[in-house]
Amino acid sequence: MDLNFDDGRKTAKIYCTMILFILELLKNSIATINKTPQSTVFIK
């Protein structure tokens, strides 16, 4: 039981790190898109 709980915490930590990393990437790409007019035209 303790082992499973520990593994679960490790997995959750990894997922949280991954999600935060992906959110950072999204924020950066959105900032880049906002800077370049061509990209906004492309999205529409």
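Following the working numbering, the numbering of the sequence shown begins with 1 at its first residue and continues without gaps.
Each residue gets a CB set at the ideal place from its N, CA and C atoms; glycine is no exception.
Listed in chain order, the non-local C-beta contacts of Gly8 below 6 Å within the same chain number zero, local neighbours out to five positions each way being set aside. Pairing Ser29 with Leu23, the inter-Cα distance amounts to about 10 Å. Close CB contacts of Leu26 within its chain, under the 6 Å cut and outside five residues either way in sequence, are absent. For Lys10, same chain residues with a beta-carbon under 8 Å away, outside a window of 5 residues either side, do not exist.
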